[in-house]
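Its first residue numbered 132, the sequence shown is counted upward by one per residue in our numbering.
Beneath this line is the structure, given in C-alpha cells, with notes to follow.
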Amino acid sequence: MRETYKKIHVSASGSYDIIIGDGLLARLGEYVRPLLGDCRIAVLTDSNVDALYGDRILSILSAAGYDACKYVIPAGEASKSAENLLAFLDFLARNRFTRSDAIVAFGGGVVGDLGGLTASLYLRGVSYIQVPTTLLAAVDSSVGGKTAIDIPAGKNLVGAFYQPRLVCCDTRLMDTLPADIYRDGCAEVIKYGVILDAALYDTLQTPPFDRIETVARCVEIKRDVVEEDEFDNGKRGLLNFGHTFGHAIEKLSHFAVSHGSAVAKGMVIAAKIAPLCGLADIVEPLTALLGRYGFDLSCPYSAEELYDVMLSDKKRRGGKLTLVLPRSVGECILVSMPVEEVFEKLKAIEI
C-alpha cells in the first residue's frame, strides 16, 4: 500500500515541520538526521508506551546511526511533576548529555510536556522532537511549544514556551490506544470544530472520522493560531475552550477524571454560560455530538468547588478570568469578566 502523509510547516520562534501519516515511526531516523546530525538522543517515554514500542524506537534510532537511550516514567498525569522533571534532568547530566544532543518525547501529553520543559531547561536549552502516540497529543499538546508540569496548586502552572525541532505523528500508533484514551483526543478534535471550523465540526457528526485528514486539519488550525499568537496573549486563548472548567474538574478529581473527559464537561459548561452573555445557545447540538463519542457529561462538583479552584487558574488576570464562549458553531470569542461574575453564572446554570 502506498504510504500517505501530510506535512505542515510551523513558523514561530522556531520553525519546524509536523509530519502526519500511517507508519511513520519506522522513518524517524530519516527525518531526524537532517535536523540533528550526529548526536546522542535520550528518549523520554512512559511505562505504557515503553511496553509496546520502547525497544522498537531505540532500534529505529540505532539503525539510523544514533546512540540512543531511554528514560521511562510511570504512565499518568501524576508523572508530570517537579520530581520527575528533576530526575530526568539529573539522568541527562549523569549520562553527560551535551548541548548538541537531543531529547525525543515519545508518548502522550504528559511525556510531551515533561520532555519539552526538560529540553528548555537542560544546559539552558537543547533540541527536542515530539513523537506523539495519542490522538490528544497529536492534535494539541505536541504542537505549539507549550511545555509544563503540574504543582500542588494547579495544572500546568510551571512551564515555558519552547518549540520542538520536529513533530513526527504516526497515526498507526493510535491503534493500540485504549478506547477511553482515544476518546480523550476526540474531545480536543471537537473543540477545534467549535472554535474555528464549522466544516470540520460537520465532518465529525458520524464517527469514526478519517484519522490522517482530521489530525492534519486540527494541526493546521493550531498552527495558524500559534503563528499569530505564539505566546498566548490573544487569539491563542481560543484553544482553551472548555479548559478553564475542565482543569478545575481534573484537579478536584485528583486527576481521576481524564483530561479529555474533563474538557468535554468544560465545553458544555462554557456553552451553557454563553446565552447568559447574549451569545449563541449551542448546548443541545454540542451535547448530542459529545454523546455520540461516548462522553459522560455530568459534573460531580458544585459551582463553589469549581470557582475555588479556578481562582488559581493561570489564565486569571488580576480579578478577571477570560472565558472562551461560542458565538456560533465554528466561531468562539474571548470574554473577560470579573471572577465574581463567573461564579454567579456558574450558580445560574445547571451544572
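Ideal placement from N, C-alpha and C gives every residue a C-beta, glycine not left out.
As the structure is a computational prediction, the values presented were derived from the model and not from experiment.
Straight-line Cα distance separating residue j from residue i
i: S429; j: K476; result: 18 Å
i: L119; j: T264; result: For the chain, the structure presents residues 132 to 482; residue 119 sits outside this window and is missing.
i: M468; j: L407; result: 12 Å
i: S272; j: M398; result: 18 Å
i: A224; j: P295; result: 21 Å
i: L410; j: D198; result: 56 Å
i: L189; j: A209; result: 25 Å
i: R151; j: A157; result: The residue you asked about is not Arg; residue 151 is Ile in the sequence shown. Those two C-alpha atoms are separated by around 13 Å.
i: A291; j: F474; result: 30 Å
i: V256; j: Y313; result: Here the sequence assigns Gly to residue 256, which means Val is not the residue at that position. Those two C-alpha atoms are separated by around 32 Å.
i: T345; j: L304; result: 16 Å
i: A483; j: P416; result: Beyond the ends of the chain as shown, which are 132 and 482, falls residue 483; an answer cannot be given.
i: N215; j: G324; result: 35 Å
i: I482; j: L370; result: 22 Å
i: R133; j: F372; result: Here the model assigns R133 a pLDDT of 44, short of 50, so the residue's position is not dependable, and the following value carries that caveat. Computed Cα separation, rounded: 37 Å.
i: G168; j: D221; result: 24 Å
i: R164; j: A195; result: 8 Å
i: S389; j: T334; result: 25 Å
i: G248; j: A213; result: What sits at residue 248 in the sequence shown is Leu, not Gly. Looking at the two C-alpha atoms, the distance is approximately 11 Å.
i: V414; j: E359; result: 29 Å
i: I480; j: G449; result: 25 Å
i: R227; j: G240; result: 26 Å
i: D363; j: H374; result: 14 Å
i: D301; j: A347; result: 12 Å
i: L166; j: G160; result: 10 Å
i: N405; j: D412; result: Checking the displayed sequence, the identity of residue 405 turns out to be Ala instead of Asn. Distance between the alpha carbons of A405 and D412 is about 7 Å.
i: G145; j: A218; result: 27 Å
i: L245; j: Y293; result: 12 Å
i: D306; j: G425; result: 18 Å
i: Y332; j: G365; result: 23 Å
i: K277; j: F376; result: 19 Å
i: A387; j: T418; result: 22 Å
i: D311; j: V270; result: 16 Å
i: V289; j: R447; result: 15 Å
Within 7 Å, strictly: CB atoms of residue i and residue j
i: K201; j: V174; result: yes
i: I343; j: L297; result: no
i: L454; j: V440; result: no
i: L456; j: A379; result: no
i: V460; j: A330; result: no
i: V320; j: C299; result: no
i: A114; j: E361; result: Outside the shown range of the chain, which is 132 to 482, sits residue 114, and nothing can be said about it.
i: V235; j: I172; result: yes
i: L254; j: G316; result: no
Neighbourhood of residue i by C-beta, 7 Å cutoff - its chain only, sequence neighbours within 5 removed
i: Q336; result: L420
i: T176; result: G185, K201, V203, F237, G238, V242
i: G275; result: K353, V357
i: S231; result: C170
i: L252; result: L220
i: K73; result: Residue 73 lies beyond the stretch modelled for the chain, which goes from 132 to 482, so this question has no answer here.
i: Y162; result: I150, L297, C299
i: S193; result: A199
Neighbourhood of residue i by C-beta, 6 Å cutoff - its chain only, sequence neighbours within 5 removed
i: A318; result: G391, V394, A395
i: H140; result: D148
i: A206; result: D177, S178, N179
i: Y432; result: L383
i: A250; result: I234, V257, Y259
i: L327; result: I352
i: R367; result: V356, D360
Chain-order list of residues whose beta-carbon lies under 8 Å from that of residue i (same chain, five-residue window excluded)
i: E351; result: I139
i: Y136; result: I150, I151, G152, D153, L155, I343
i: K451; result: S467, M468, P469, V470
i: F340; result: V320, T334
i: R484; result: In the structure as shown, the chain starts at 132 and stops at 482, and residue 484 therefore has no counterpart that could be examined.
i: P338; result: C317, R423, Y424
i: C463; result: V325, I326, L327, L369, F372, V455, L456, P457
Continuous alpha helix (DSSP H) assignments of at least 4 residues falling wholly in the region 170-221: 186-194
Segment contact, 8 Å Cβ cut-off, at least three pairs: the region 365-384 with the region 420-438: Touching, per the Cβ criterion.
Segments of 3+ residues assigned as beta strand (DSSP E) that fall wholly inside the region 280-334: 285-292, 297-301
4-residue-minimum alpha helix (DSSP H) runs that sit fully inside the region 350-419, ordered along the chain: 374-383, 390-404
Entirely enclosed beta strand (DSSP E) segments - the region 427-470, minimum 3 residues: 451-459, 462-469
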